[in-house]
Every structure is written in C-alpha cells, then in structure tokens.
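**Student:**
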Amino acid sequence: MTDIWAGLEAAFWLIVTLDSDLVEITLRSLQVSVTALVFASLIALPFGTWLAIRRFRYRRTAIAVLNALMGLPPVVVGLIVYLLLSRSGPFGVFGLLFTPTAMIIAQVIIITPLIASITHQAMRELWAEYHDLLISLNTTKRQRIMTLIWDGRRALLTAALAGFGRAIGEVGAIMIVGGNIDHATRVLTTAIALETGKGDFALALGLGFVLIALALAVNILIHSLSRTEQEGRW
Amino acid sequence: MTDIWAGLEAAFWLIVTLDSDLVEITLRSLQVSVTALVFASLIALPFGTWLAIRRFRYRRTAIAVLNALMGLPPVVVGLIVYLLLSRSGPFGVFGLLFTPTAMIIAQVIIITPLIASITHQAMRELWAEYHDLLISLNTTKRQRIMTLIWDGRRALLTAALAGFGRAIGEVGAIMIVGGNIDHATRVLTTAIALETGKGDFALALGLGFVLIALALAVNILIHSLSRTEQEGRW
Amino acid sequence: MSLALSKGVVKRRGKVILGPVDLALNAPDITIILGPNGAGKTTLLRVLHGVERLSSGALTLSKPDAQARQEQAYVFQSPIMLRRTVRANLAYPLELIGTAKPVIAQRVETWAERIGLADALDRHAPRLSGGEKQKLALARALIREPDVLFLDEPCANLDGRSTREIETLLKDAHLRGTQIIMTTHDLGQARRMASDVVFLLGGKVHERGAAGRFFVTPETPEAQAFLNGDIIE
Amino acid sequence: MSLALSKGVVKRRGKVILGPVDLALNAPDITIILGPNGAGKTTLLRVLHGVERLSSGALTLSKPDAQARQEQAYVFQSPIMLRRTVRANLAYPLELIGTAKPVIAQRVETWAERIGLADALDRHAPRLSGGEKQKLALARALIREPDVLFLDEPCANLDGRSTREIETLLKDAHLRGTQIIMTTHDLGQARRMASDVVFLLGGKVHERGAAGRFFVTPETPEAQAFLNGDIIE
Amino acid sequence: TMRLAVTTSFHNSGLSDVLLPVIKAEIGLEVQLLVVGTGQALRLGRAGDVDAILVHSKAAEDAFVAEGFAPYRREIMYNDFVLIGPAHDPAQLAQATSARDALKRIAAAKAPFISRGDESGTHKKELVLWDAAALEVSAFDPWYKAVGAGMGASLNTASAMGAYILADRASWLNFGNKTGLALLYAGDPALFNQYAYLPVNAVKHPHVNAAVAQALEAWLVSQNAADLINGYSINGERLFSFNAQN
Ligand SMILES: Nc1ncnc2c1ncn2[C@@H]1O[C@H](COP(=O)(O)OP(=O)(O)OP(=O)(O)O)[C@@H](O)[C@H]1O
Ligand SMILES: Nc1ncnc2c1ncn2[C@@H]1O[C@H](COP(=O)(O)OP(=O)(O)OP(=O)(O)O)[C@@H](O)[C@H]1O
Ligand SMILES: [Mg+2]
Ligand SMILES: [Mg+2]
Chain E
581 MTDIWAGLEA
591 AFWLIVTLDS
601 DLVEITLRSL
611 QVSVTALVFA
621 SLIALPFGTW
631 LAIRRFRYRR
641 TAIAVLNALM
651 GLPPVVVGLI
661 VYLLLSRSGP
671 FGVFGLLFTP
681 TAMIIAQVII
691 ITPLIASITH
701 QAMRELWAEY
711 HDLLISLNTT
721 KRQRIMTLIW
731 DGRRALLTAA
741 LAGFGRAIGE
751 VGAIMIVGGN
761 IDHATRVLTT
771 AIALETGKGD
781 FALALGLGFV
791 LIALALAVNI
801 LIHSLSRTEQ
811 EGRW
Chain V
581 MTDIWAGLEA
591 AFWLIVTLDS
601 DLVEITLRSL
611 QVSVTALVFA
621 SLIALPFGTW
631 LAIRRFRYRR
641 TAIAVLNALM
651 GLPPVVVGLI
661 VYLLLSRSGP
671 FGVFGLLFTP
681 TAMIIAQVII
691 ITPLIASITH
701 QAMRELWAEY
711 HDLLISLNTT
721 KRQRIMTLIW
731 DGRRALLTAA
741 LAGFGRAIGE
751 VGAIMIVGGN
761 IDHATRVLTT
771 AIALETGKGD
781 FALALGLGFV
791 LIALALAVNI
801 LIHSLSRTEQ
811 EGRW
Chain C
5 MSLALSKGVV
15 KRRGKVILGP
25 VDLALNAPDI
35 TIILGPNGAG
45 KTTLLRVLHG
55 VERLSSGALT
65 LSKPDAQARQ
75 EQAYVFQSPI
85 MLRRTVRANL
95 AYPLELIGTA
105 KPVIAQRVET
115 WAERIGLADA
125 LDRHAPRLSG
135 GEKQKLALAR
145 ALIREPDVLF
155 LDEPCANLDG
165 RSTREIETLL
175 KDAHLRGTQI
185 IMTTHDLGQA
195 RRMASDVVFL
205 LGGKVHERGA
215 AGRFFVTPET
225 PEAQAFLNGD
235 IIE
Chain F
5 MSLALSKGVV
15 KRRGKVILGP
25 VDLALNAPDI
35 TIILGPNGAG
45 KTTLLRVLHG
55 VERLSSGALT
65 LSKPDAQARQ
75 EQAYVFQSPI
85 MLRRTVRANL
95 AYPLELIGTA
105 KPVIAQRVET
115 WAERIGLADA
125 LDRHAPRLSG
135 GEKQKLALAR
145 ALIREPDVLF
155 LDEPCANLDG
165 RSTREIETLL
175 KDAHLRGTQI
185 IMTTHDLGQA
195 RRMASDVVFL
205 LGGKVHERGA
215 AGRFFVTPET
225 PEAQAFLNGD
235 IIE
Chain G
4 TMRLAVTTSF
14 HNSGLSDVLL
24 PVIKAEIGLE
34 VQLLVVGTGQ
44 ALRLGRAGDV
54 DAILVHSKAA
64 EDAFVAEGFA
74 PYRREIMYND
84 FVLIGPAHDP
94 AQLAQATSAR
104 DALKRIAAAK
114 APFISRGDES
124 GTHKKELVLW
134 DAAALEVSAF
144 DPWYKAVGAG
154 MGASLNTASA
164 MGAYILADRA
174 SWLNFGNKTG
184 LALLYAGDPA
194 LFNQYAYLPV
204 NAVKHPHVNA
214 AVAQALEAWL
224 VSQNAADLIN
234 GYSINGERLF
244 SFNAQN
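Residue numbers (this note's numbering), protein chains in the order written: chain E, 581 to 814; chain V, 581 to 814; chain C, 5 to 237; chain F, 5 to 237; chain G, 4 to 249.
#1: Looking at Gly-39 (chain C) and ligand 3, is the gap between the Cβ and the nearest heavy atom below 7 Å?
#2: Kindly indicate the opening and closing residues of the beta strand (DSSP E) around Val-39 (chain G).
#3: Using a cut-off of 7 Å between C-beta atoms, extract the partners of Ser-668 (chain E) located in chain G.
#4: Can you check DSSP and say which residues form a bridge with Gln-74 (chain F)?
#5: Please confirm if the region 85-102 of chain G is in contact with the region 731-739 of chain E, defined as three or more CB-CB distances below 8 Å between the two stretches.
#6: What is the DSSP secondary structure of Phe-744 (chain V), reduced to helix, strand or coil?
#7: Below 7 Å, is the gap between the Cβ of Pro-81 (chain C) and the nearest heavy atom of ligand 3?
#8: Alpha carbon to alpha carbon, what distance is there between Met-85 (chain F) and Leu-714 (chain E)?
#9: What is the DSSP secondary structure of Gly-54 (chain F), counted as helix, strand or coil?
#10: Is it the case that the Cβ atoms of Val-90 (chain F) and Leu-65 (chain F) are separated by a distance below 8 Å?
#11: Provide the residue span of the beta strand (DSSP E) that contains Thr-187 (chain F), from first to last.
#12: Report the residue ranges of all alpha helix (DSSP H) runs contained in full by the region 628-696 of chain E; include only those spanning at least 4 residues, in chain order.
#13: Cβ of Ser-697 (chain V) within 8 Å of Cβ of Asn-647 (chain V)?
#14: Counting only Cβ pairs nearer than 7 Å, list the residues of chain E close to Arg-88 (chain F).
#15: Short of 6 Å in beta carbon distance, which residues of its chain neighbour Thr-769 (chain V), apart from the five on each side in sequence? Order them along the chain.
#16: Would you decide whether Ile-3 (chain F) is buried or exposed? Buried here means 16 or more other CB atoms lie within 10 Å of its CB.
#17: With a Cβ-Cβ cutoff of 8 Å, do Ala-54 (chain G) and Pro-209 (chain G) count as a contact?
#18: Mark Gly-12 (chain F) as exposed unless 16 or more other C-beta atoms lie within 10 angstroms of its C-beta, in which case mark it buried.
#19: For Leu-713 (chain E), which three-state DSSP category applies?
#20: Of the choices V:Arg-634, V:Ser-609, V:Leu-676 and V:Gly-651, whose alpha-carbon is the least far from that of Ile-691 (chain E)?
#21: How would you list, in chain order, the residues of chain C whose beta-carbon sits under 7 Å from the beta-carbon of Ala-160 (chain F)?
#22: So, at 7 Å on beta carbons, what are the nonlocal neighbours of Ala-771 (chain E) in its own chain, with the 5 sequence-adjacent residues on each side left out?
#23: Am I right that Gly-39 (chain F) and Leu-231 (chain F) are in contact with their C-beta atoms under 8 Å? What's the rounded C-beta distance?
#24: Around the Cβ of Thr-114 (chain F), are there at least 16 other Cβ atoms within 10 angstroms (buried) or fewer (exposed)?
#25: Mind listing the chain V neighbours of Gln-74 (chain C)? Cutoff is C-beta to C-beta under 8 Å, in chain order.
#26: Is DSSP giving Val-79 (chain F) helix, strand or coil here?
#27: Report the three-state DSSP secondary structure of Gly-12 (chain F) (helix, strand or coil).
#28: Do Arg-131 (chain C) and ligand 2 come close, with the Cβ less than 7 Å from some heavy atom?
#29: So does Thr-770 (chain V) have its beta carbon nearer than 7 Å to some heavy atom of ligand 4?
#30: Taking the beta carbon of Arg-87 (chain C) as the centre, do at least 16 other beta carbons fall within 10 Å, making it buried, or is it exposed?
#31: Is Ile-21 (chain F) a contact residue of ligand 2, with contact defined as CB to any heavy atom under 7 Å?
#32: Pick from G:Asn-212, G:Gly-179 and G:Tyr-81: whose alpha carbon is nearest that of Leu-2 (chain G)?
#33: Counting Cβ pairs closer than 8 Å, one from the region 38-58 of chain G and one from the region 174-190 of chain G, do we hit at least three?
#34: Taking 8 Å as the threshold (C-beta atoms), are Thr-46 (chain F) and Ser-3 (chain C) in contact?
#35: Just reading off the alpha helix (DSSP H) that Arg-76 (chain G) is part of, what are its end residues?
#36: Can you tell me which of F:Gly-207, F:Lys-208, F:Gly-206 and F:Glu-223 puts its alpha carbon nearest to the alpha carbon of Ala-214 (chain F)?
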C-alpha cells in the first residue's frame, strides 16, 4: 500500500520537476501510439464499415476472424514483426528493427482488428437505418462508406479511443521490436516494465500514473473537442 | 521467415501430439480468461448500459474516464494488484498472490473498462430508439437496463468478445500477479514470453498460433451459437 | 383523471417551440388536438404525458405522479417497436407490472385478435408493414387498460377499414371510462371522434372548444382556414 | 420510362408476401397502388424501384439499369433522415452526382422554400416533427428532378394544407413529364391524383384499371368493399 | 510447496528443469519458481511473497541480509560471465588479454554494445567491469545501448543488431537464437558469477514457510545437488560449479 502512495508521489515529482527523461519517453509514447492510431484508423474505419455494408459468402467467418484477431497476443505479434524486420528476415534491409517505426508497425497490427471490430459493430446499426435510402440513391460503395463514416463519426471515436488506449498501454510487442533502448525506443510502458523488473515499484507506478493521466487527458480533450454529449441524442 | 514456418510446424506437432503441458496451460488460459470475462461482463454490461441511460452532471467526464481506463497499462494493473495482494498488502492474508485467482482479478480490472465502453457505445443507439417507449411505460431503472441488455444482446457480444480477446492475449499483468509458475499459474501468453526470452522462437510462435487458433475457435463457436447474421438485419 | 397545464413552455436551443400554454383536460372527454405540421401537437401531447420536460410552467395531475403515470398510455407518432416478436411486444407492458403469465398469454391473444395480427404473433415486430406497426403500438398501449390514452396520429398509415375498427375500439374504451387525448390530420376522424377540440398554432392554443361548435363555427379565421384546407369531396 | 414486372414473387422466410405479379407501368401515368394494410403495397413499390430483390420473376426497364436507377427517386413510408442538418439532407443527392456547389446551394434554397422548411435549413433533420420529416424526404427525392418518382404514403402525416401543396407539387412534376407511382390510404387523394389504379390484395394484383372507371365501378366485390371501407362523410 | 524467486539468467540456463523433478522425488517438495528480475526478486522477498530467493548480485544480497529480510546468504554455486558478440568480431575480442582489455577494445572500436540496463546481477557486473577498465558509461555514444530487458530479450536484441553483450555462460549456452553471435571472450577471474540462496526471515514474515525453505537449502548443499549441478552440461560444456560450504 505504501508503494501506491510512493507511486503517486513519484508521479507528482516526475511531473512537477518536468523530468527530462520522462518528457522524452512520454513524447515518444504519444508519437508512437498516435502514429499507429492514425494508420490503424485509416485501415480499420473503412474496412469495418465495408464489412458492415457488404454481404458476401464468408461474411460471418470474416467477422469471427476479425473478432478473434482482437485477441492477437502482443508477444506473438512482436515476434512475427521481429522476424520479418530482423537482418535475416525479408525486410531486414530497411534496418527498421529497434526503431520507433518497428514499434508503430507492431501496434498497427495489434489495434487494427480492435478498431475495425468496434467500427463494424457501430456501423451495422447505422447501415440498417440508412440502407434503403443509400441503395435508392444509387450510391457507389465508396459513397456509402464515406457517408456512414461521416455520420457515424461519434461512434467511431469510441473505436479510435479504444485503439489508442490499447496502443498506449501495450508493452509486449513493442518491447520485442523496439528493444526498450534508452533514448531511442524506450516508451512509458517499457520503462514501467523495466522499473518493475528492477523492483523499483514506486517509480514504475509513478510512470504508470503518468501514463494513465496522459490517456485521460487525451480522452477528455477529444471528448470536449467533439462535444459528444452536447448535441443531444447524438 | 524460416522461424515462422518452424513456428507453424511446432504448433502443428504440439496439437497433434496433444502435448500434455500444452493441454494444461491452454485449459488454464481458458479458465482464467473465461472466468475473468464472466465477472467483467457482470460488472461492465449493466454499468455501460446504465451510463447510456443516465444523464447526470459528470456523465461526459465519466465516459472520458472510462475510455481512458481502456488504456490502463497491464503492467501497472499487475503492479497494483500485486501490491494489494502481497503479504505485506491489505489483502495479503488471503494468500491469493501467484494463484489463478489473482490473475483473474487483474484481468477483470483490465477488461472491464473495455467491455463497459463498447457496451455504452452500443446501448446509446438502442436507448435513443427505445427512450420514449420505456419512459412512457414508466419502467424502473432496472427494467430499462434489463430490456436494453436483452434486446441489444448481439451488440454486447462484440463487447464481450473484445474483452475475451484482450484477456486471452494479455501477458503483462498476469505475469506479475501470477508469476508464470509451472503447473500452477503458467498460461499460454506467459509461456510464450518465457520461450521468447529463451530465444526459442519456434516454440514461442507455435504456442502463439495455438492461442490464435483458440481465440478463433471461441469466436466462431459463439458466432454460430448466436447466429448473429442469420436473423437478418439483426 | 384531470390534467392541468399552467404556463407550460418548452424550449429547444433557446427557441420556444411550445407555449405558454394553459390547458385543463377532464376525464370523460375525447380531446382532439388539431393544428398544422409543426404546430407543436406532438410536443404538447408529450408534455401532458410527462415524457417531455417543461422548460417552465407546471403540469398538475389529479393523482399522485407515480400512480398517474402507471395509468396512462401513449402511442407515438412513429411507432416504436421493441426488437422482439409481436407477442413479446404485446406482453411487455404487462410483464413490467408483474402480471401473471397465463393472464398475459390470454390478453395477448385477445388483443392480437382485435387488431388483426393474430397470425403475426411470432413475427419480428420491426419487420411488420407500416400499418401493422401502428396497430401493434396501439394494442400495446391498450393492453394495460389505461385510464388516460394519448394518441399521436394513430391512424396515419391505416387503411379505411382498419381506421374504422380502431375508432370503434377507442370509442369502446372511452365508454368504459378511458379518457382519450389524440392528434390527427384526418379531419373526418376528428369530427367523428372529438367531444373537445384544442386548435394549436405556432406552439400556442389558438382556439379551444366543444367539438360540436368548433367544426361548425370556428371562432378564429385561422381555425376557419385550417378547416378549409381540409380535403372535402 | 416503362417498367414491367413479370411473374414477380417476393418471399420472406419461405412465405410468399408478394406475387406472382405481372404488371406493366408506362410513362405518362400517375399510378396509385391501393390496398389494405399488409397487402404488399410497400413491397411492390420497392420491387419496382429495385431496392427489394425478387425471389423469382423479372423486372424489365426500358432503359439500362444503371441509368434507370439514377433517374428514379423514392420516398419511404417512414422517412429516413440522414443525421445531418436539413440543408445537408437536401444537398446530399446532388452531391452524390457531383453537382456544382453553387447550383446545389441554390436548388436547396428553392426546395426548402417550396416545402415550407426555409426557416429550418440549419436544424438537425432527425429532430423535425413527423410532418416536416415527410416533406423533407419528398423534397430530397424531387431535388434531382427524377423521371420516375415512387411515393409510399407521402402525405400520411401531413395536415390538410400541406397535403394540397404536395399534391400540387406532384402534379406539376407530372406535367413536366415525371412518372409517378404512389401508395396512399387517403382515397380522396387517390381520386384526385390517380390516372391509373392498381388494387392489391394479399400480395396479388386483384384489380387494375383506369382511375375514372375503378372508383366508379370497381369490378371485384373486394375492391368495392375496400372503397366502402373508406371514410365517406 | 514453496515459492522460490530466481533470476531470469538462472532459469534460462535450464538447470532448474533438472533440479526441480529430483527435489520433488527426493524430499517430496514442490518448488514453485518465480522467474523475475534481480531487483524484483529481492522485492518479492522483502514483501514476504516468496519463501526464499536465489540470485547473483552480492552487494544487493548483503544489503538484503543487513536489513534483516534474510537471516544469512548461502553461496551455492557459480558460473562465469562471457562476452558475446558478432561472429566476425570487429573489435577483435578474441585477442583480448583480460576482461578489461576486451571492454576497452569494444569502446575503442565503438562497436555496438547491448547493456541489460535493468540493474540485474549481470548488469551490475557489467558496470563494475567498465569501471575497472576506467571507462565512463555515461560518456558512451550511441553505440552503447541500454535495453532494459531480461537476459534472453537482450540476447535477442544483440543477435538482431550484431552487437556485443555480456551474458552469463548458462544463459548463453541455453539460448536458442544464436544466429550471427559467438562467444568471443571468457576466462578472466573478474567474470566470476556467484549464485546465493537467501531464505526469507520468518521473524519478519511469520507466514513464510521456513521449514521447507530450510529443507530446500539442506538439499541444495547436499552431495546429490553437487553431482547434479556439476554434471549439468550443454553440448559437453559444463555450466555451473558447485561451491557450497558445509
Ligand atoms: N431541437 C429543436 N430545435 C428547434 N425546433 C425544434 C426542435 N425540436 C422540435 N422543434 C420544432 O418544434 C415544432 C413542434 O414540433 P412537434 O413535433 O410538436 O410538431 P407537430 O405539431 O407534432 O407536427 P406534425 O404534425 O408534423 O407531427 C416543429 O416545428 C419542430 O420542428
Ligand atoms: N420477414 C417477413 N416475414 C413474414 N412476413 C413479412 C416479412 N416482412 C414483411 N412481411 C409481411 O408482408 C406483408 C406486406 O408488407 P408491406 O409492407 O408490403 O405491406 P403494405 O401493403 O405496405 O402495408 P401498409 O399499408 O401497412 O404499409 C405484410 O403483411 C408484412 O407483415
Ligand atoms: Mg407530430
Ligand atoms: Mg406500406
């Protein structure tokens, strides 16, 4: 218990003194997660929406697979990305291993299914509502997807925020592909894992609280920007 | 690349020989994740629904906090649970540390916000549809929540499956509170982390593929049981 | 039951969409609320039922609030179907108040018969045709045998015969003591049903009077114009 | 444009809900589809427009499919509002076909004026009143100036004056060459508008004929009964 | 049953897989291993969450005993640290005369070097060695990479980057992903790696199962254990030397 207090205290001091290491890894955490979120959203939002409007033979299977991919163990994703990017792997020549880029790649793989699945869920409802109108207006697939994404944007926010949360809190994959190298690929979660391993629980918790505060700040910011609740029912 | 093939091969042999260790840790993975899912759902489904129907002063903040909690770093959750359950912690007397129960507690904390958040999202739509009718029929809060959960059960399935996915693939927290003890608290993800540390990528990947296959099987099973897509729009 | 609205005002985004309205409604009447599109009929009905909150003013009921709400029923302008079968939709209001299962089953059968949906009991309600939905919503409102019934254009999508049948159902209920407050755009229906008319215009009660008088000699030129806008063969 | 349905059948869960229907519709007509609730009017209309797939049979259009669909418009029985402003709802069909922005803005103004929603342009469409939604849906269908217009009870929630205005709008469109196919439960409206009547019963075309003849001397006793079920003062 | 916290390097050596079944068979004791970082192992002991710990970081162990968390430390066995690096050996470690010399060569060549960076026994040893070579770690340029990870993970990183790294012999021999790496220097007495057993003080933590901790200790220092430990080898190479004093 005292450790939890010590953790809060550590978080407090880290923040008020604007510890330069903390600032560095926090910014890197944000950079990696936000970049991963952007790429994942670019894939997952249209894909999830497309899945909601398309009827094809193996649609149910596709959805089950998508849901199963939400359970992709980060460590396995990390391993596979590691093998692909390693010197002896097919993409070794790019020298991406142990760079933030590698971490972004791993995170994109991890959060894309989650975002796509939540998107699909939200878009199904909206599509049921819009279906007749959009079919009647003879819209193209593309137009349908764009319309649904635009009009369902507030629901997609939850999807994106879920993805962001998963990305910023993730450690297993980025530890493997990033290597937790000081001043190069260390982010908040890997630093927390490191401090835990060192037995410095107070510092680990402190970093953890910083991370939670960060996630909270991003959420509150986005919520107030989008004013989700102010526009009444929608 | 060769490692990935070796991994598939390892997975194949592990499964066809029904390796007894594999069976044991797979069952434990399932047991821990499913139990955590049940408890988390019992909390998150009503809570997320309640949040969708309640208008109170700090509702927006509550939702932002909930979304932020989706980003709870597993390692931090693990640490906090560890500190609470540790012998020198407040619940030390129960001797729960390094048992599957401790792992379940940690996972419940991790997946509850995710399930609640997706639930909230799905229930908002349904509540907008049902609002007038349920208010007019003078329903109690409880009746409203039960009606929404029942009629929105297919949407809640995605929420639950997302939670299951997160639970079965999670490693950071359960490593800390479970300790990855052979024949006691070792599950698929912690075994994968262990093999990765040993540099035995083929085995790690093999276990990973088993895990993915397991997640896939659960999803397909539940999808076909619930026949999500067969009943038309709903 | 008597309902009295005093200085009732409803605002949306700062704009007054209803009121101020002073209105008292008493038990034995069939009150018809008339008015052009956007006059505020739906809003007024919702306020009287209590599903819409007043921005200012007060609604006074002759019974304690909780009890009053239990004895009222409302049929919405666009029917709200629970995503369940027709049977489950009909049973729902009774289940809420804990009616015994056999009683529910029997009443559901009776009402399905009355509205001509006996064959559709096991169909998914959201997939009924427009008119069928409206009938189901009506039966679902009547199944609890309410003391006060609010109806928002209950026959808008019904064919001639169904409209007649529903009107008969409503008059029967009225004879058994149910107070009815409804809106309609079908002036023929208004003439056949009303004992009391409230004419709304721009969110305000423009004219109020006994049906007999109102349809023959409306007091205001606007009411006159509204009645003439009607489709008279 | 001419539409011909031959042996058209629609099944739901194994049950035939429409057909077999053989029906040919030609350009200059205003065809009114009549029939009791659940007769299959909506289903037939949807089949003719192509939003509902036939279980068997064929629909033949006098133009290539893609082009034909572009020139048709449909107003659904319960209006589907995009979760946008009234302005965005009106602009949407034009944006889809890449109309120039200034043209869109101007047409949106014109149509908002015509249906009396000029003041509501910046309001959220899903929050309009029932009648306002219906008018908006109609304007959104007309804004592309379609050659064929399908209307499913377009005036069900409209007041007398709006109904008249909409009828005038539709007749004007008809004079400019738009083919109109609509359902209604308002037999007065059917009499005023129809040049051609299709009477549906139990999913089948029970009677078909020129309006003048149909309303005066229906051939079948069922059509006779249906017309009598109407509300005649 | 008892719980024993051990370091990753010990577990990665594979010796535990040999010892535990024998312990179970001979004294009927089921030992549950918690494989964690050195710091974390000490923390688990401090909190009383394990019955004993087996680590290799003398200074930290002495502090642990001094604080009264363990009544004493008992040395069980040792192995040695080795310098691993890319097989083509750009820093010419193979010709090094001592551990210090080897490190100096790496620094001079500015060859990539992976440091555990997690304050584990291995990391602490590495820092001591740099110190002995009179080199200042904090002054190193990007070629020195502190990865903050366990032994296996660090070896994986070294393998992927073609970097030098200090590892304990057991972990190295048992490591599965040796691609491109080779053992380049070993043998300096400075690379000595002592493992010690510390039972958690039952006075501080009354619930600790002191009796079984004692039983395990007794077994670990027995002749049986000595034979097993000394006899454990991989590819014909011996990993540990038993050196418990009776
Ligand atoms: N959020 C809002 N902001 C502004 N005006 C609103 C809002 N919600 C409703 N209104 C307007 O309030 C007026 C009254 O609406 P109401 O639904 O009561 O009309 P009504 O008389 O029932 O019309 P109809 O016959 O078309 O059903 C309408 O003009 C409607 O557009
Ligand atoms: N999935 C379904 N399974 C069985 N019957 C269905 C299904 N969907 C629609 N129907 C039935 O098909 C019939 C025709 O429906 P349709 O909507 O075409 O009627 P309609 O003539 O438009 O009625 P209304 O005047 O009430 O709008 C109705 O009885 C309807 O309940
Ligand atoms: Mg209304
Ligand atoms: Mg219809």
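All C-beta atoms in this analysis are idealised placements derived from N, C-alpha and C, irrespective of residue type, glycine included.
**Tutor:** The relevant details are as follows:
#1: Against the third sequence, residue 39 (chain C) aligns to sequence position 35. It does not: the Cβ of Gly-39 (chain C) is nowhere closer than 7 Å to a heavy atom of ligand 3.
#2: Stepping through the fifth sequence from its first residue, residue 39 (chain G) is reached at position 36. That run of the beta strand (DSSP E) goes 34-39.
#3: Your numbering for residue 668 (chain E) matches position 88 in the first sequence. Near Ser-668 (chain E) (Cβ distances below 7 Å), the residues of chain G are Thr-182.
#4: The residue you call residue 74 (chain F) lines up with position 70 of the fourth sequence. According to DSSP, Gln-74 (chain F) bridges with nothing at all.
#5: no
#6: Sequence index remark: in the second sequence, residue 744 (chain V) carries index 164 (1-based). Helix.
#7: As a working mapping, residue 81 (chain C) is identified with position 77 in the third sequence. Per the sequence shown, residue 81 (chain C) should be read as Gln rather than Pro. Result yes, Cβ under 7 Å from ligand 3.
#8: Stepping through the first sequence from its first residue, residue 714 (chain E) is reached at position 134. Stepping through the fourth sequence from its first residue, residue 85 (chain F) is reached at position 81. Straight-line Cα distance between these residues: approximately 11 Å.
#9: The residue labelled residue 54 (chain F) in the question sits at position 50 within the fourth sequence. In this structure, Gly-54 (chain F) counts as coil in the three-state DSSP scheme.
#10: For the purposes of this step, residue 90 (chain F) is identified with residue 86 of the fourth sequence, where counting begins at 1. For the purposes of this step, residue 65 (chain F) is identified with residue 61 of the fourth sequence, where counting begins at 1. Taking 8 Å as the Cβ cut-off, Val-90 (chain F) and Leu-65 (chain F) do not qualify as a contacting pair.
#11: As a working note, residue 187 (chain F) is residue 183 in the fourth sequence. Its beta strand (DSSP E) spans residues 183-187.
#12: 639-649 and 654-665
#13: Here residue 697 (chain V) refers to the residue found at position 117 of the second sequence. Here residue 647 (chain V) refers to the residue found at position 67 of the second sequence. Yes, the pair counts as a contact, with Cβ atoms nearer than the cut-off.
#14: Working through the fourth sequence from its first residue, we reach residue 88 (chain F) at position 84. Near Arg-88 (chain F) (Cβ distances below 7 Å), the residues of chain E are Asp-731.
#15: Position 189 of the second sequence holds residue 769 (chain V). Around Thr-769 (chain V): Val-751.
#16: The structure shown does not extend to residue 3 (chain F), since chain F is modelled only from 5 to 237, so the question has no answer here.
#17: Start at 1 with the first residue of the fifth sequence, and residue 54 (chain G) comes out as number 51. Start at 1 with the first residue of the fifth sequence, and residue 209 (chain G) comes out as number 206. Here the sequence assigns Asp to residue 54 (chain G), which means Ala is not the residue at that position. Not closer than 8 Å, so no.
#18: Here residue 12 (chain F) refers to the residue found at position 8 of the fourth sequence. Gly-12 (chain F) is buried by the Cβ-count criterion.
#19: As a working mapping, residue 713 (chain E) is identified with position 133 in the first sequence. Of the three classes helix, strand and coil, the one that applies to Leu-713 (chain E) here is helix, per DSSP.
#20: Mapped onto the first sequence, residue 691 (chain E) falls at position 111. Here the closest residue by C-alpha is V:Gly-651.
#21: As a position in the fourth sequence, residue 160 (chain F) is number 156, starting the count at 1. Those within 7 Å of Ala-160 (chain F) in chain C are Ala-160 and Asn-161.
#22: The residue labelled residue 771 (chain E) in the question sits at position 191 within the first sequence. Hits under 7 Å: Ile-605 and Leu-787.
#23: The residue labelled residue 39 (chain F) in the question sits at position 35 within the fourth sequence. The residue labelled residue 231 (chain F) in the question sits at position 227 within the fourth sequence. That belief does not hold up - the Cβ atoms of Gly-39 (chain F) and Leu-231 (chain F) are roughly 12 Å apart, past 8 Å.
#24: Numbered from 1 along the fourth sequence, position 110 holds the residue referred to as residue 114 (chain F). Label assigned to Thr-114 (chain F): exposed.
#25: The residue given as residue 74 (chain C) occupies position 70 in the third sequence. Here the neighbours are Asn-718.
#26: On the fourth sequence, residue 79 (chain F) is found 75 positions in, with the first residue counted as 1. Val-79 (chain F): strand per DSSP, three-state reduction.
#27: In the fourth sequence, residue 12 (chain F) corresponds to position 8, counting from 1. Three-state result, Gly-12 (chain F): strand.
#28: Locating residue 131 (chain C) in the third sequence gives position 127, where the first residue counts as 1. Checking the Cβ of Arg-131 (chain C) against ligand 2 gives yes.
#29: Translated into the one-based positions of the second sequence, residue 770 (chain V) becomes position 190. Thr-770 (chain V): no, Cβ never under 7 Å from ligand 4.
#30: Position 83 of the third sequence, counted from the first residue, corresponds to residue 87 (chain C). It is buried - the Cβ of Arg-87 (chain C) has at least 16 other Cβ atoms within 10 Å.
#31: Residue 21 (chain F) sits at position 17 when you count from the first residue of the fourth sequence. Yes, the beta carbon of Ile-21 (chain F) sits closer than 7 Å to at least one heavy atom of ligand 2.
#32: Chain G is shown from 4 up to 249; residue 2 (chain G) falls before or after that span and cannot be answered.
#33: no
#34: Because residue 3 (chain C) is not part of the residues shown, which for chain C are 5 to 237, the question remains open.
#35: For the purposes of this step, residue 76 (chain G) is identified with residue 73 of the fifth sequence, where counting begins at 1. Run containing Arg-76 (chain G): none; DSSP gives neither H nor E here.
#36: Start at 1 with the first residue of the fourth sequence, and residue 214 (chain F) comes out as number 210. Out of F:Gly-207, F:Lys-208, F:Gly-206 and F:Glu-223, F:Glu-223 has the C-alpha closest to the C-alpha of Ala-214 (chain F).
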